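So that you can map any letter, position 635 of the sequence shown is 634 in numbering that gives the first Met the number 0, and since no number is skipped, the others follow by simple counting. All C-beta atoms, glycine included, are put in the ideal place defined by N, C-alpha and C. Being a predicted model, the structure only gives us computed values, none of them experimental. Worksheet: one structure, shown below.
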Amino acid sequence: MKKLVIGILAHVDAGKTTLSEGILYRSGMLRKIGRVDNGDAFLDTYALEKERGITIFSKQANFRWKNMDVCLLDTPGHVDFSAEMERTLQVLDAAVLVISGADGVQGHTQTLWQLLKRYRIPVFLFINKMDQNGTDKEALKRELKARLDEGCVDFGEGFTEDFYEQCAMCDETALDFFLEKGELPEEELRRLIRERKLFPCFYGSALKLTGVDEFLDGLERFVSVPVYGKTFGTKVFKIARDDQGNRLTYMKITGGSLQVKAVLTNEGKAGEKEVWEEKVNQIRIYSGDKYELVNEVQAGSVCAVTGLNHTHPGEGLGAEAASAAPVLEPVLTYSIRLPQECPVPVMLPRLRQLEEEEPELHIVWDERLQEIQAQVMGEVQIEILKSLIQERFQTAVEFGAGNIVYKETITDTVEGVGHFEPLRHYAEVHLLLEPGERGSGLQFDTDCSEDILDRNWQRLVITHLEEKDHRGVLTGSVITDMKITLLTGRSHIKHTEGGDFRQATYRAVRHGLMQAHSILLEPWYQFRLEVPEKMVGKAMTDIEKMHGTFEAPRTEEDMAVLTGEAPVFTMRDYQKEVIAYTKGYGRLFCTLLGYRPCHNAEEVIAEAGYDPERDTENPAGSVFCAHGAGFVVPWDKVKDYMHLECRILQRDVPEETAGLTPKSREIPEEKWMGVEEIDEILARTYHANKRNKEQPRKDGWNRKLTRPSTPPPGDPVYKGTGKGAVREKYLLVDGYNVIFAWDDLRELAETNIDGAKGKLLDILCNYQGIVRCQVIVVFDAYRVQGHVTEVLDYHNIHVVYTREAETADQYIEKFTHENGKKYDITVATSDGLEQVIIRGQGCRLLSARELEEEVKRASGRLREEYLDQQKMDKNYLLGAISEEARRQVEKIQEDESN
0 MKKLVIGILA
10 HVDAGKTTLS
20 EGILYRSGML
30 RKIGRVDNGD
40 AFLDTYALEK
50 ERGITIFSKQ
60 ANFRWKNMDV
70 CLLDTPGHVD
80 FSAEMERTLQ
90 VLDAAVLVIS
100 GADGVQGHTQ
110 TLWQLLKRYR
120 IPVFLFINKM
130 DQNGTDKEAL
140 KRELKARLDE
150 GCVDFGEGFT
160 EDFYEQCAMC
170 DETALDFFLE
180 KGELPEEELR
190 RLIRERKLFP
200 CFYGSALKLT
210 GVDEFLDGLE
220 RFVSVPVYGK
230 TFGTKVFKIA
240 RDDQGNRLTY
250 MKITGGSLQV
260 KAVLTNEGKA
270 GEKEVWEEKV
280 NQIRIYSGDK
290 YELVNEVQAG
300 SVCAVTGLNH
310 THPGEGLGAE
320 AASAAPVLEP
330 VLTYSIRLPQ
340 ECPVPVMLPR
350 LRQLEEEEPE
360 LHIVWDERLQ
370 EIQAQVMGEV
380 QIEILKSLIQ
390 ERFQTAVEFG
400 AGNIVYKETI
410 TDTVEGVGHF
420 EPLRHYAEVH
430 LLLEPGERGS
440 GLQFDTDCSE
450 DILDRNWQRL
460 VITHLEEKDH
470 RGVLTGSVIT
480 DMKITLLTGR
490 SHIKHTEGGD
500 FRQATYRAVR
510 HGLMQAHSIL
520 LEPWYQFRLE
530 VPEKMVGKAM
540 TDIEKMHGTF
550 EAPRTEEDMA
560 VLTGEAPVFT
570 MRDYQKEVIA
580 YTKGYGRLFC
590 TLLGYRPCHN
600 AEEVIAEAGY
610 DPERDTENPA
620 GSVFCAHGAG
630 FVVPWDKVKD
640 YMHLECRILQ
650 RDVPEETAGL
660 TPKSREIPEE
670 KWMGVEEIDE
680 ILARTYHANK
690 RNKEQPRKDG
700 WNRKLTRPST
710 PPPGDPVYKG
720 TGKGAVREKY
730 LLVDGYNVIF
740 AWDDLRELAE
750 TNIDGAKGKL
760 LDILCNYQGI
770 VRCQVIVVFD
780 AYRVQGHVTE
790 VLDYHNIHVV
800 YTREAETADQ
810 YIEKFTHENG
820 KKYDITVATS
830 DGLEQVIIRG
840 QGCRLLSARE
850 LEEEVKRASG
860 RLREEYLDQQ
870 KMDKNYLLGA
880 ISEEARRQVE
890 KIQEDESN
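Right, here's the structure in full:
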């Protein structure tokens with residue numbers, strides 16, 4: 000009989016728990032189907048789950064179907080409990096992905112798909128709710144192939160030639176076999192499914208039990224059974240507690256067998272803080288909220304054991320290796336506010352119990368802020384945590400405002416050194432810190448000969464590197480995306496103890512970070528935004544203001560779809576805005592993309608106010624011994640005292656790094672002085688009695704007006720506010736908006752749009768010559784495929800053609816947002832929404848009609864000045880000839896008069 004562990008996953012409200020109930024009912028496990036909305040679902044055993052109608056904790060149920068013995072793991076569907084779901088993936092032999100036929104592939108569905116790909120889990124799809132009105136099976140098939148994988152094939156319509164052809168297109172070997180035989184054997188289909196090249200799809204309604212039997216038959220027929228070894232191994236994937244408070248360790252046996260009273264240990268496992276050895280008291284096989292006690296479990300079984308107090312999710316015991324770090328992690332940190340009658344020393348250990356069950360909480364005590372902090376996925380998880388704490392510890396807590404979880408990394412390679420030598424202690428460590436690939440986390444290695452440092456000490460250094468969340472030097476955030484290699488080290492045969500290398504290792508990491516050029520990282524979302532087509536311009540503008548990027552919008556029926564990436568900080572509350580300005584028609588789906596350089600790093604660093612040299616818990620200096628006493632050497636002088644030579648030559652520490660260096664290396668920014676200011680100082684010093692001809696005369700007349708020279712690139716530039724300075728004037732014109740607002744241009748545009756554009760540009764060239772401001776005319780080119788932003792000079796004005804997927808409104812809004820404080824900007828447009836946004840940036844506004852009137856007034860003033868000048872100026876014959884000729888004419892006049 001096939002023995003399998005199968006997980007069931009879905010986006011929230013796709014009908015996952017309903018399908019689980021249908022499977023258990025059809026297999027004979029249940030006599031009656033429970034309902035989520037009735038609160039009697041077999042796998043929703045907790046009161047909070049029944050109250051909210053969602054799955055919060057993963058559950059286990061066992062059933063048999065024909066020749067298949069299945070342990071079914073029901074996982075949470077809500078995005079706030081994704082970490083619980085991801086831990087379950089570590090032990091699955093296959094997964095069932097449930098998709099709502101009414102909603103199709105949603106944002107979290109794609110997140111689940113990527114996780115299943117990462118863990119290499121074969122997937123069977125059940126498209127649920129096909130009984131609802133409006134579901135289109137053919138459209139769903141196309142969507143599955145487009146948004147998930149081309150290998151999504153319908154297994155419910157019979158094994159026809161077309162079916163085999165679709166399956167064969169997933170693999171070259173299968174295609175060759177199909178072309179030769181005209182079909183594919185079942186073993187070949189199982190191979191394709193096992194290798195994640197083929198994904199069987201079944202359609203039905205779990206609530207009405209439609210298609211459930213066919214799905215179970217297909218699962219039993221095409222799923223592959225893994226092969227287990229005889230050597231004992233197990234993978235821990237969950238920690239929980241029963242009603243009596245007993246600690247339960249959920250695990251899957253991946254080799255051999257496990258018996259009651261067996262002794263388990265983590266000895267020999269890398270990265271463990273301490274070695275433990277404990278005995279298994281009970282082995283429980285859960286199904287729903289009930290369990291059966293057994294004396295032994297074989298490989299391929301999932302069980303919960305008691306008696307283990309040091310295990311943690313992701314841990315591998317026996318022959319099983321530990322799991323990689325989870326992909327999904329919280330990006331918000333909250334302070335936990337305790338009632339006055341509850342002291343912190345009492346509550347903190349209790350919260351540590353919750354952290355055992357949910358490691359991503361990262362419960363910490365912030366000494367500087369004097370508060371308990373936790374990392375949480377979202378608002379729903381906060382409500383659940385508050386209820387759990389109240390239920391389990393009878394304490395009503397509140398959560399403060401959420402803050403972004405930042406991280407730090409480095410961009411150059413450095414060697415960090417640490418020395419710890421108080422009296423009768425000794426250890427020295429040299430580490431190589433290198434930047435890693437984005438999303439790689441922390442990696443540790445050793446490149447040290449055992450002749451220099453014994454293997455045991457080397458393992459101890461690696462253990463100390465892995466056991467702690469090392470803090471960066473910009474904001475004190477956790478470091479990531481780095482490779483740290485042990486280069487060399489030294490111990491003392493008599494005085495070295497294990498704790499000495501812990502101190503030396505921590506100090507070496509910190510010393511390296513102080514030298515390196517660090518950058519601040521922030522979490523980013525990958526988003527899919529669906530809005531009515533007429534609102535796509537505002538959506539694109541919003542995303543650019545949020546420092547996001549997006550692909551060209553595409554149209555699906557009457558909705559425009561934008562996909563792209565944006566910082567979590569700027570997009571975290573955008574869902575409410577989307578609902579507001581689309582009147583409920585818009586939808587935003589966000590999934591965590593990972594960490595990228597922070598878009599406002601200087602602002603975050605300044606707000607954090609973190610000084611790495613004042614962080615006594617993470618010192619960068621080293622401790623040396625002289626004359627029988629230890630003394631501390633600052634980090635910037637520590638290399639002069641080291642007992643071992645450095646392996647690499649360090650670069651000079653840059654003096655200027657745009658605010659991304661620790662405060663210990665910050666140098667006050669110098670003000671740049673132009674040539675005129677230098678000349679003025681020299682003139683005051685050496686020519687105090689001479690008037691500087693470049694300075695304005697007291698009578699108001701100047702011989703020459705000079706413009707301050709531009710500072711050479713790379714020099715420090717003064718970044719003051721420039722109070723009292725006259726800002727340069729800019730006029731931005733929405734080209735097409737003005738053309739279709741002016742009567743004469745609109746009439747011309749109906750026959751020749753290029754002629755209308757040329758006439759508008761000529762008019763604005765004349766206007767610029769009168770008012771002497773910078774004129775920028777912006778034309779839409781966002782529908783031109785592949786077009787990039789094009790800036791042209793037309794006589795004395797600038798003309799901009801926007802890039803693909805960027806409207807003129809969007810370009811103007813971006814320009815005013817970025818330059819509104821530097822320049823005196825006036826925008827000419829009659830777009831109502833655009834006018835509101837421009838006013839919000841503090842810029843002047845002209846409607847298209849007002850611009851037309853202003854151009855006419857300026858031209859009129861110029862003509863009046865010209866005519867007045869003509870009346871004042873008189874031409875005389877003698878004034879137009881040479882001096883000699885004038886004297887001859889005067890002599891002739893005198894002779895005639897005589």
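- Secondary structure at Trp523: strand, using DSSP grouped into helix, strand and coil.
- Under a 10 Å Cβ-count criterion, Pro329 is classified as buried, with 16 or more other Cβ atoms of the shown protein chains found around its own Cβ.
- In the three-state DSSP reduction, Ile451 falls in the coil class, being neither helix nor strand.
- Inter-segment contact for the segment 251–259 and the segment 219–236 is present: three or more beta-carbon pairs are separated by less than 8 Å.
- In the DSSP assignment, Gln389 falls within the alpha helix (DSSP H) that extends over 378–392.
- Across the structure, Glu273 and Gly267 are spaced so that their CA atoms are roughly 11 Å apart.
- If the five residues before and after Ile388 are omitted, its C-beta is found closer than 7 Å to the C-beta atoms of Thr394, Val396, all from its own chain and listed in chain order.
- Here Arg856 is not bridged, per DSSP, to any residue.
- In this structure, the beta-carbon distance from Phe198 to Val262 does not fall below 9 Å.
- Per DSSP, Phe778 is one residue of the beta strand (DSSP E) stretching across 773–778.
- Residue burial annotation: Gly627 is exposed, with fewer than 16 other C-beta atoms found within 10 angstroms of its C-beta.
- The three-state secondary structure of Gln574, taken from DSSP, is helix.
- Annotated three-state conformation of Arg240 is strand, per DSSP.
- Considered as a whole, the segment 45–77 harbours 58–64, 67–73 as its complete beta strand (DSSP E) runs of no fewer than 3 residues, in chain order.
- Annotation: Glu295 to Thr209 spans about 38 Å, alpha carbon to alpha carbon.
- When Cβ pairs closer than 8 Å are counted between the two stretches, the segment 608–624 is seen to touch the segment 500–512, the count reaching three or more.
- Three or more beta-carbon pairs drawn from the segment 579–587 and the segment 526–535 are found closer than 8 Å, and the two stretches are therefore classed as touching.
- Cα atoms of Pro596 and Lys575: separation of roughly 26 Å, rounded to the nearest angstrom.
- The shortest C-alpha to C-alpha distance from Tyr45 to any of Leu350, Met129, Arg283, Ser386 is the one to Ser386.
- The closest CA to that of Arg141, considering only Gln113, Cys200, Glu160, is found on Cys200.
- Take the alpha-carbon of Lys544 and the one of Lys813: they are about 7 Å apart.
- Ala807 is the residue among Ala807, Asp823, Trp364 whose C-alpha sits nearest the C-alpha of Ser829.
- Rounded to whole angstroms, His361 and Tyr800 show a C-alpha spacing of 50 Å.
- Of the residues His494, Leu850, His816, Tyr524, the one whose Cα lies closest to the Cα of Cys842 is His816.
- The criterion of a C-beta distance shorter than 9 Å is satisfied by Lys49 and Ala40.
- Separation of the CB atoms of Lys31 and Gly287 is rounded to 13 Å, and the pair is thereby denied contact status at 8 Å.
- Taking the Cα of Leu206 as reference, the smallest distance to any Cα among Gly399, Glu187, Tyr24 is reached at Tyr24.
- Annotated as proximal: Tyr333 and Gln372, with beta-carbon spacing under 9 Å.
- Exclusion of the five residues before and after Phe177 leaves Tyr163, Glu164, Ala167, Leu183 as the residues of its chain whose Cβ lies within less than 7 Å of its Cβ.
- Taking 4 residues as the shortest admissible run, the segment 200–245 contains the following complete alpha helix (DSSP H) segments, listed from N- to C-terminal end: 211–221.
- Taking a contact to require three or more Cβ pairs closer than 8 Å, the segment 415–426 and the segment 485–497 qualify as touching.
- The C-alpha of Thr412 is placed about 19 Å away from the C-alpha of Leu643.
- Contact between Ser223 and Arg195 does not hold, since the beta-carbon distance rounds to 11 Å and is not under 8 Å.
- As computed with DSSP, Ser621 is found in a beta bridge with Val632.
- In this structure, Thr590 and Gly155 do not form a Cβ contact; the two beta carbons are roughly 29 Å apart against a cut-off of 8 Å.
- The Cβ-Cβ distance between Leu72 and Val4 falls below 9 Å.
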